[in-house]
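Notes for the one structure printed next.
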Amino acid sequence: MVPDKVATGRREPQPQGLSTLGKDLRTRVSSDTYEATERIARKRGVSMAHIVRQAVENYLEKAR
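Residues 1293 to 1356 in this note's numbering are what the sequence shown lists, from first letter to last.
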């Protein structure tokens, strides 16, 4: 039997938690975009993570 993955000494990247992703957004996205997303989240009464999750889901849906 052949193993699915062969150990190569490299670590697999760990998935980022949404809270980490939200904190990291400020450094990755222009402050204008961040503030606009923050305003939308406040207006809808949802978290920034929710807005990011929706954006990712929409992107993946369109990519199919």
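Note that the Cβ used here is the ideal one computed from N, Cα and C, for glycine as well. Here the structure is a predicted model, which means the values were calculated and not measured.
Chain-order list of residues whose beta-carbon lies under 7 angstroms from that of residue i (same chain, five-residue window excluded)
| i | result |
| --- | --- |
| T1329 | M1340, I1343 |
DSSP three-state assignment for residue i, whether helix, strand or coil
| i | result |
| --- | --- |
| V1338 | coil |
| R1331 | helix |
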